[in-house]
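Protein chains in written order, with this note's numbering: chain A, -9 to 299; chain B, 168 to 671.
For reference, the structure is listed below as structure tokens.
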Amino acid sequence: MFWHILAQPELWAATLAMATPLALPALGGTFSERSGVVNIAMEGIMLIGAFFGVYAACLTHSAWLGMLGGIIMGAVMSLIFAWVTVSIGADQVVVGMGVNIFAAGLTTFLLNMIFGYGGTPTSTPHLPNIHIPGLSQVPFIGPVLGQQNVVVYIMLLAVIASHYFLFHTNLGLRLRAVGENPQAADTAGINVWNMRYLGVIIGGMLSSLGGVYLSLGLLNSFEPNMSSGRGYIALAAMIFGKWTPFGSLGAALLFGFSTALSMYLQGTGNISTNIIQMLPYALTILALVGLVGRSTEPAADGIPYEPNK
Amino acid sequence: MSVCLEIKNLTKRFPGVLANDRVNLELRDGEIHAILGENGAGKSTLVKMIYGLYQPDSGSISLHGQELHFSSPRQAIQAGIGMVHQHFMLIPALTVAENIVLGSEPGNIHYRRKENEEVIRQLSKQYHLEIDPSAKVGDLTVGLQQRVEILKVFYRKAKVLILDEPTALLTPQEVEQLIQVMERLREQGIPIVFISHKLDEVKRVSDRVTVMRAGKTVATVETAKTTPQELANLMVGREVVLQVSKPPQTAGKPVLEVQDLVVAQGHAEKVRGVSFEVRQGEIFGLAGIDGNGQFELVDAITGLLPAKSGKVVFRGNDITKANVHKRTTAGISYIPQDRHADGLVLDFELTENFVLRDFARAPFAQFGQMHRQAIEAHAERLSESFDVRPHRIHAIARNLSGGNQQKVILAREVSREPELLIAAQPTRGLDVGAIQFIHDKLLELRANGKAVLLVSLELDEIMSLSDRIGVIHDGRLMAVLPGGQATREQLGLLMTGVKLEKEG
Ligand SMILES: Nc1ncnc2c1ncn2[C@@H]1O[C@H](COP(=O)(O)OP(=O)(O)OP(=O)(O)O)[C@@H](O)[C@H]1O
Ligand SMILES: [Mg+2]
């Protein structure tokens, strides 16, 4: 009976759909932490992306411009985060927590102020699903991969591009060097702060795209705290994935799978969905305890760098 | 010869320390200019200012007549200044090639792995500093890491070289190669600033020497017209005894007995059946080329590595299976070879570093509560009697010069009044004054009937201090010779694995 469920393409399509809002912020966190800035602000930045995505979409009547607006505001929020943590050298975890609380408050406040108590309009434009002509006809693969929301494809491309960037470009090498040993990078002539700003801001853009996906891809509305902890799960996915893009995607898929499975099993009522929803977290703990080998975080992750000391 | 780099009245103050006080230095084209000075004299501070890592408070630096104002190393690199740092500036998680090209990668976007590795391979051949470009730096020995540091500078084709104690971690053979490279660069007209504590190296390779003392440049002399003794005196500001005097003394009962010890690290057996003993009132020197198992042997005695077979007996008790804490409290003290990784907690104050081994015991603590007053009094006493400079017990260990960091470790370990002191490379990177101080302390322990196991890569140190000398090669003890009689040639042969003929 279990195998029967696994053979359903809908389950896998849902897995991918549910993994996307985890994979994007996990990828974002990977960028930030590879440059040496611990980032737990993904939750808040997702909310910023989700809200301003809807707001910009309503203003411009375009989901695409909405997406752009969400990403820009995510970048702005990250810029502030970077300024406080990198330039001023404040504690990254504390500031990250602050961003999360601030973003939750700000977006709820703006929602009520701008859209009133009725919430965001139902006429908000929606990011389209895409049908890939050849692929969507292939049995099984077609329903899984061939007709997803556009953000899902962007996410997959972003994973590949991030892997290439981090591990096969000169700039990626510099970014990782700064996260491992900023002083060594400094003596090699690399501007440590610039690299960290870059990591945090790219990270923020990816995280906010995750938020845009929630509000303009899955729901076409914004609701208070709609990220509902995904930013934190993404943090676990990033660690689980050992600070690599493909690892983050893999972990996000695992979490996405259990969400999809529990949605699917809700109808059948055979297994308690609570148990299934628990599964990814149990797996994370096992993974962190050492089943997948030791996680090696960037050596200078979380340590502010003051040049010329 | 024209002046390349000119430094005038350079001053740099750190909280509580005047690290450089109106320093003057003139580097001419094509010369090797050595800087000598005690630990903490301000040599590294001076060159870090030249390299843009620190900004001077006042004074000027000019290159070929043009005044420089660097706010970061980037500008120094662009101006053609290359520097090998005293403490590694390497990224262990990256490969050799990545470390070397970092910051000056060829091409625009794509990182050219193959091509870069090939270039590094050529470069390492060219300078006879053989290395595997695709190896992870974290997996390399310290000697090889030092090579990476040196190659980094050559890769950038620097026009002025600054070498801050490049030889401290190299084997004599590697030092020889580096000296040849320096001489070749001099022929090409590239000026070199060379910082070293080893007077013989300075004497051999440099054209001129500038001596620093307590943040000031006290003299610049032509190397050919001076003697090591004069240089040592200038440095310290008083007569220095370069020769150790060691009164004869008969050894007592064995304190440490090592029996047929085998130690493995990973799959490789690093120590393969070593037996010896160290007795009361003797210094047992362990000589050998780096990587022949001497440090694994020490780790097994101190309890940091498990013994695969064999026994370690301390004052009659088998401690082969005892943990580090038990061994420590039983009376073993240890000066580890890597003072940054194993000897100190760099971001702790000196007060805390002084009680790292005993913080949980009276008088420093009672019922789990630390006694600040006792700890501070202890720190005051140690930093006074071991002459730790600056004399501030709340200073952060990281900000001390290498020699003073070593004094902190020595003070901690010796003040515990151990029955056995294991000293691994205790004088590495230290100035002649500090070396003399540490040697005196080791001899003092010996005079008090304590046992000392001295492991060093420096033959001179081993020969001048040891009552008996064990030579280790490839994990085996080749021979144990009486200290007074062993010759440098004998030891050298044994170290390379050549067995001596049995003498009559
Ligand atoms: N970043 C820093 N903060 C505070 N004090 C410092 C700092 N760097 C160096 N000092 C102090 O400045 C003085 C000079 O140190 P420096 O490292 O230049 O000595 P050095 O001559 O290179 O010694 P060594 O031979 O041991 O390397 C020392 O008293 C040291 O404690
Ligand atoms: Mg120095």
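All C-beta atoms in this analysis are idealised placements derived from N, C-alpha and C, irrespective of residue type, glycine included.
* Asked: According to a CB-to-CB cut-off of less than 9 Å, which residues of the stretch 224 to 249 of chain B neighbour chain A?
  -> Ser238, Ser239, Pro240, Arg241, Gln242, Ala243, Ile244 and Gln245
* Asked: Going by the CB atoms, is the gap between Gly246 of chain A and Thr5 of chain A shorter than 7 Å?
  -> yes
* Residues sharing a beta bridge with Met250 of chain B, DSSP -> B:Ile329
* Members of the stretch 98 to 111 of chain A that neighbour chain B once the beta carbon cut-off is set at 8 Å -> The stretch 98 to 111 of chain A vs chain B, Cβ under 8 Å: nothing.
* Asked: With a Cβ-Cβ cutoff of 7 Å, do Leu588 of chain B and Val619 of chain B count as a contact?
  -> yes
* Among all the DSSP beta bridges, which residues are the ones paired with Ile191 of chain A? -> Per DSSP, none; premise fails for Ile191 of chain A.
* Can you list, in chain order, the residues of its chain whose CB lies under 7 Å from that of Leu401 of chain B, leaving out five sequence neighbours each side? -> Val378, Val385 and Ala386
* On the DSSP bridge assignment, give the partners of Asp627 of chain B in chain order. => According to DSSP, Asp627 of chain B bridges with nothing at all.
* Helix, strand or coil for Phe571 of chain B per DSSP? -> In the sequence as displayed, the identity of residue 571 of chain B is Asn instead of Phe. The three-state secondary structure of Asn571 of chain B, taken from DSSP, is helix.
* Asked: For Val141 of chain A, which of helix, strand or coil comes out of DSSP?
  -> Look at Val141 of chain A here: in three-state DSSP terms it is helix.
* To do: Can you say whether Glu670 of chain B is buried or exposed, counting buried as having 16 or more other CB atoms within 10 angstroms of its CB?
  => Reliability of the predicted coordinates at Glu670 of chain B is poor, the pLDDT of 45 falling under 50, and the value obtained from them is presented with this limitation in mind. By the neighbour-count rule (16 or more Cβ atoms within 10 Å), Glu670 of chain B is not buried but exposed.
* To do: List the residues of chain B that Asp176 of chain A touches, going by C-beta distances under 8 Å, in chain order.
  => Leu220, Ser239 and Pro240
* To do: Provide the residue(s) that pair with Gln533 of chain B in DSSP beta bridges, ordered along the chain.
  => B:Gln536
* **Distance CB(Ser291 of chain B)-CB(Thr334 of chain B) smaller than 7 Å** => no
* **For Leu239 of chain A and Gly231 of chain A, the rounded distance between their alpha carbons** => Rounded to the nearest whole angstrom, the C-alpha separation of Gly231 of chain A and Leu239 of chain A is 7 Å.
* **N- and C-terminal bounds of the alpha helix (DSSP H) containing Asp176 of chain A** => Pro172 to Thr177
* Asked: Below 8 Å, can you find three or more Cβ-Cβ pairs linking the stretch 69 to 87 of chain A to the stretch 9 to 17 of chain A?
  -> no
* Asked: Is it the case that the CB of Thr308 of chain B approaches a heavy atom of ligand 1 more closely than 6 Å?
  -> no
* Enumerate in chain order the residues of its own chain whose CB-to-CB distance from Leu523 of chain B is below 6 Å, with the five nearest sequence positions on each side excluded. => none
* Under the DSSP definition of a beta bridge, which residues are partnered with Asn187 of chain B? -> B:Lys179
* For the stretch 251 to 265 of chain B, which residues have a CB atom closer than 7 Å to at least one CB atom of chain A, in sequence order? -> His252, Met256, Leu257, Ile258, Ala260, Leu261 and Glu265
* Given a threshold of 16 other Cβ atoms within 10 Å of its Cβ, counted over all protein chains shown, does His561 of chain B qualify as buried or as exposed? -> exposed
* Asked: Phe501 of chain B lies in the beta strand (DSSP E); which residues open and close that run?
  -> Here residue 501 of chain B turns out to be Tyr, not Phe, going by the sequence shown. Tyr501 of chain B -> beta strand (DSSP E) spans Ile499 to Ile502.
* Ends of the beta strand (DSSP E) at Asp427 of chain B? -> Per DSSP, Asp427 of chain B is one residue of the beta strand (DSSP E) stretching across Pro421 to Gln432.
* **Distance CB(Leu694 of chain B)-CB(Leu194 of chain B) smaller than 7 Å** => Because chain B in this structure spans residues 168 to 671, residue 694 of chain B falls outside the shown range and cannot be described.
* To do: Would you kindly report the start and end of the unbroken beta strand (DSSP E) that includes Ser211 of chain B?
  => For Ser211 of chain B, there is no enclosing beta strand (DSSP E); the residue is found in the alpha helix (DSSP H) stretching over Lys210 to Ile217.
* Asked: What residue ranges within the stretch 92 to 159 of chain A form continuous alpha helix (DSSP H) runs of no fewer than 4 residues, ordered along the chain?
  -> 131 to 135 and 140 to 158
* Hey, quick one: how far does the beta strand (DSSP E) through Thr443 of chain B stretch, first residue to last? -> Checking the sequence, you will find Phe at residue 443 of chain B rather than Thr. Per DSSP, Phe443 of chain B belongs to the beta strand (DSSP E) from Ala435 to Arg446.
* Tell me, please, whether the stretch 233 to 250 of chain B touches the stretch 294 to 303 of chain B by the rule of three or more beta-carbon pairs shorter than 8 Å. => no
* Asked: In whole angstroms, what separates the C-alpha of Gly182 of chain B from that of Ile244 of chain B?
  -> A small correction: the amino acid at residue 182 of chain B is Pro; Gly does not occupy that position in the sequence shown. Roughly 28 Å separates the two Cα atoms.
* **CB contact below 7 Å: Glu670 of chain B versus chain A** => With a pLDDT of 45 at Glu670 of chain B, under the threshold of 50, the modelled position of that residue is not reliable, and the figure given next carries that caveat. Chain A, which has no Cβ nearer than 7 Å to the Cβ of Glu670 of chain B, makes this no.
* Asked: Within this structure, are the beta carbons of Leu549 of chain B and Ala474 of chain B separated by less than 7 Å?
  -> no
* Taking 8 Å as the threshold, find out whether the stretch 196 to 203 of chain A comes into contact with the stretch 17 to 32 of chain A through three or more Cβ pairs. => Per the Cβ contact rule, the stretch 196 to 203 of chain A is in contact with the stretch 17 to 32 of chain A (3 or more Cβ pairs under 8 Å).
* Environment of Arg506 of chain B [buried if 16+ CB atoms lie within 10 Å] -> buried
* **Sufficient close CB pairs (3 or more, under 8 Å) joining the stretch 425 to 443 of chain B to the stretch 636 to 646 of chain B** => With a cut-off of 8 Å, the stretch 636 to 646 of chain B and the stretch 425 to 443 of chain B count as touching, because enough Cβ pairs lie within range.
* **Paired residues, beta bridge with Asp485 of chain B - DSSP** => B:Val480
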